[in-house]
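The structure appears right after this line, and notes come after that.
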Ligand SMILES: *Cc1c(COP(=O)(O)O)cnc(C)c1O
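Numbering (the numbering used here), first residue to last: 102 to 480.
Here it is, written out as structure tokens:
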């Protein structure tokens with residue numbers, strides 16, 4: 102890896118955040134860590150290896166491919182595939198990987214039943230729709246659905262779950278979803294149906310809805326040290342440590358006079374004589390074009406402004422105000438330099454998107470390096 106652009110993943114901070122979740126939910130509630138999409142861009146294998154040491158109960162992945170990746174990395178913890186499996190081929194592979202499978206309708210349960218044996222039953226989590234409008238059977242029909250699947254001989258229903266679309270924005274809607282789910286659990290128990298796990302809580306619910314813990318929670322974003330909703334909505338002092346930093350270097354430096362245009366379409370013109378640095382990062386790395394002329398970066402502990410349009414693999418910044426700036430200087434795009442910080446939230450706001458999209462968007466061509474709090478590079 103010669104190109105001087107990389108992501109640093111602090112696995113100690115990941116472990117710290119996991120402990121925060123543990124402290125919030127208590128010893129009796131299991132934790133399913135959402136690690137889909139390469140652990141939100143943080144590198145699934147290393148993240149899962151560390152979380153496994155921390156005592157995680159489940160990993161939530163989106164597809165069979167991701168489950169296969171984890172097994173290949175010798176992850177032996179329980180895996181739940183959160184997405185819907187379309188083909189029998191996918192289902193077979195999931196079963197071979199001993200992954201647990203989300204079942205969003207009776208049709209898939211029947212196919213899985215056909216593919217399995219009584220000795221080696223498919224482990225299922227039935228998905229109920231309480232307002233997400235995505236996978237799952239509408240809650241009014243949920244008891245029927247559950248009762249029918251339970252009758253199938255070669256499947257084991259390990260869990261029932263639903264998902265919260267607005268836990269950070271709509272308190273009442275979310276409370277309603279939780280109470281619908283509670284009612285369903287009561288009915289299921291009344292019908293003497295025995296199911297191990299009931300789960301509903303994403304990160305925001307972990308922070309805001311104790312009633313939504315049941316016996317398994319499914320945090321994602323907060324494990325990566327990003328606050329899942331505005332801090333004012335969290336009723337206690339939650340401390341999280343960011344796991345990811347995004348860094349690059351100055352690969353070219355020059356003095357320019359006033360009146361020079363910078364980058365494609367000339368959207369920036371220098372107002373006075375200054376120094377323009379070119380960075381080895383662009384939108385193909387996930388440093389989004391929406392950051393053009395708006396974002397700032399950190400050089401030698403000072404903020405510097407992105408000037409002109411972000412290019413595919415290069416970005417220009419104005420460093421005229423930073424003394425002794427040199428070719429090869431490290432530049433922080435996300436993270437801390439001395440006493441200053443650029444957060445994922447800051448970039449998400451500029452791009453009018455959510456933090457999730459910024460971190461998932463850092464592309465595969467950017468190498469991930471793993472660090473500990475001693476700052477020794479492990480890789
Ligand atoms: C991704 C995901 C989560 C985690 O959500 P966060 O907001 O990142 O905590 C939980 N449940 C399901 C079904 C998911 O797909």
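Each residue gets a CB set at the ideal place from its N, CA and C atoms; glycine is no exception.
- prompt: With a CB to CB cut of under 7 Å and the five nearest residues on each side skipped, what residues in its chain are close to residue 431?
  reply: What you label residue 431 is simply residue 330 of the chain shown in a count that begins at 1. So the qualifying residues of the chain are 348, 350.
- prompt: Counting Cβ pairs, one atom from each stretch, are 3 or more of them under 8 Å apart for the region 333-342 and the region 156-163?
  reply: At 8 Å Cβ cutoff, the stretches do not touch.
query: So the beta strand (DSSP E) residue 223 belongs to, where does it begin and stop?
result: Taking the chain shown and counting its residues from 1, one reaches residue 223 at position 122. Secondary structure note for residue 223: its beta strand (DSSP E) is the uninterrupted segment 223-230.
message: Considering only their Cβ atoms, is the gap separating residue 152 from residue 135 smaller than 8 Å?
response: Stepping through the chain shown from its first residue, residue 135 is reached at position 34. Stepping through the chain shown from its first residue, residue 152 is reached at position 51. No, the Cβ-Cβ distance between residue 135 and residue 152 is not below 8 Å.
message: Using 8 Å for Cβ pairs, my map puts residue 467 next to residue 106. What's the rounded Cβ distance?
response: Along the chain shown, read from residue 1 onward, the residue named residue 467 stands at position 366. Along the chain shown, read from residue 1 onward, the residue named residue 106 stands at position 5. Sure, about 6 Å apart at Cβ, within 8 Å.
message: Using only the alpha-carbon positions, how far apart do residue 222 and residue 154 sit?
response: Reading the chain shown from its first residue, position 121 is the one you call residue 222. Reading the chain shown from its first residue, position 53 is the one you call residue 154. Put simply, the backbone Cα of residue 222 is about 28 Å away from that of residue 154.
- prompt: The beta strand (DSSP E) spanning residue 406 covers which residue range?
  reply: Here residue 406 corresponds to residue number 305 of the chain shown, with the count starting at 1. First-last of the beta strand (DSSP E) with residue 406: 403-407.
task: Pull up the DSSP beta-bridge partners for residue 201, would you.
output: Residue mapping note: residue 201 aligns to position 100 of the chain shown, counting from 1. Partner residues in the beta bridge of residue 201, as assigned by DSSP, are 181.
message: Does the structure place the region 256-272 close enough to the region 208-228 that three or more beta carbon pairs sit under 8 Å?
response: Flag = yes, the region 208-228 and the region 256-272 touch.
- prompt: Which partner residues does residue 380 have in the DSSP bridge list?
  reply: Working through the chain shown from its first residue, we reach residue 380 at position 279. Looking at the DSSP assignment, residue 380 forms a beta bridge with 351, 416.
query: Under three-state DSSP, which class holds residue 388?
result: The count along the chain shown starts at 1 and reaches residue 388 at position 287. In the three-state reduction of the DSSP assignment, residue 388 falls in the coil class, being assigned neither a helical nor a strand state.
Residue closest to residue 183, alpha-carbon to alpha-carbon, out of 236, 111, 398, 209: In the chain shown, counting from the first residue as 1, residue 183 sits at position 82. Out of 236, 111, 398, 209, 236 has the C-alpha closest to the C-alpha of residue 183.
query: Is it right to say residue 190 is buried, meaning 16 or more other beta carbons lie within 10 angstroms of its own, or is it exposed?
result: Mapped onto the chain shown, residue 190 falls at position 89. Of the other Cβ atoms in all chains shown, fewer than 16 fall within 10 Å of the Cβ of residue 190; this residue is therefore exposed.
task: Measure the C-alpha to C-alpha separation of residue 472 and residue 325 and round it to an integer number of angstroms.
output: Taking the first residue of the chain shown as 1, we reach residue 472 at position 371. Taking the first residue of the chain shown as 1, we reach residue 325 at position 224. About 14 Å.
Alpha carbon of residue 171 to alpha carbon of residue 354, nearest angstrom: Here residue 171 refers to the residue found at position 70 when the chain shown is read from its first residue. Here residue 354 refers to the residue found at position 253 when the chain shown is read from its first residue. Inter-residue distance for residue 171 and residue 354 is about 43 Å (C-alpha atoms, whole angstroms).
- request: For residue 372, count neighbouring Cβ atoms within 10 angstroms of its own Cβ and tell me buried if that reaches 16, exposed if not.
  value: The residue given as residue 372 occupies position 271 in the chain shown. That one is exposed.
- prompt: Given a threshold of 16 other Cβ atoms within 10 Å of its Cβ, counted over all protein chains shown, does residue 460 qualify as buried or as exposed?
  reply: By one-based count along the chain shown, residue 460 stands at place 359. With a threshold of 16 other beta carbon atoms within 10 Å, residue 460 meets it and is buried.
message: Which residue marks the beginning of the beta strand (DSSP E) containing residue 159, and which one marks its end?
response: By one-based count along the chain shown, residue 159 stands at place 58. Note, residue 159: beta strand (DSSP E), 159-162.
message: Quick check on the burial criterion: 16 or more other C-beta atoms within 10 angstroms. Buried or exposed for residue 112?
response: One-based indexing of the chain shown puts residue 112 at position 11. For residue 112, the number of other beta carbons within 10 angstroms of its own is at least 16, and it is reported as buried.
message: Relative to the C-alpha of residue 358, which candidate in 412, 317, 419 has its C-alpha closest?
response: Along the chain shown, one-based indexing puts residue 358 at 257. In terms of CA proximity to residue 358, 419 leads the group 412, 317, 419.
- prompt: Which residue or residues does DSSP assign as beta-bridge partners of residue 269?
  reply: Position 168 of the chain shown, counted from the first residue, corresponds to residue 269. Bridge partners of residue 269: none, in fact.
Cβ-based burial, residue 127 [other Cβ within 10 Å; buried from 16]: In the chain shown, the residue the question calls residue 127 occupies position 26. So residue 127 ends up on the exposed side.
task: Inspect the beta-carbon positions of residue 169 and residue 149 and report whether they are closer than 8 Å.
output: Taking the first residue of the chain shown as 1, we reach residue 169 at position 68. Taking the first residue of the chain shown as 1, we reach residue 149 at position 48. No; because the gap between Cβ atoms is not below 8 Å, this pair is not in contact.
Beta-carbon proximity check, residue 426 vs residue 401, cutoff 8 Å: Taking the first residue of the chain shown as 1, we reach residue 426 at position 325. Taking the first residue of the chain shown as 1, we reach residue 401 at position 300. The answer is yes: Cβ separation under 8 Å.
task: Report whether the distance from the Cβ of residue 304 to the nearest heavy atom of ligand 1 is below 7 Å.
output: Sequence index remark: in the chain shown, residue 304 carries index 203 (1-based). Checking the 7 Å criterion, the Cβ of residue 304 is within range of a heavy atom belonging to ligand 1.
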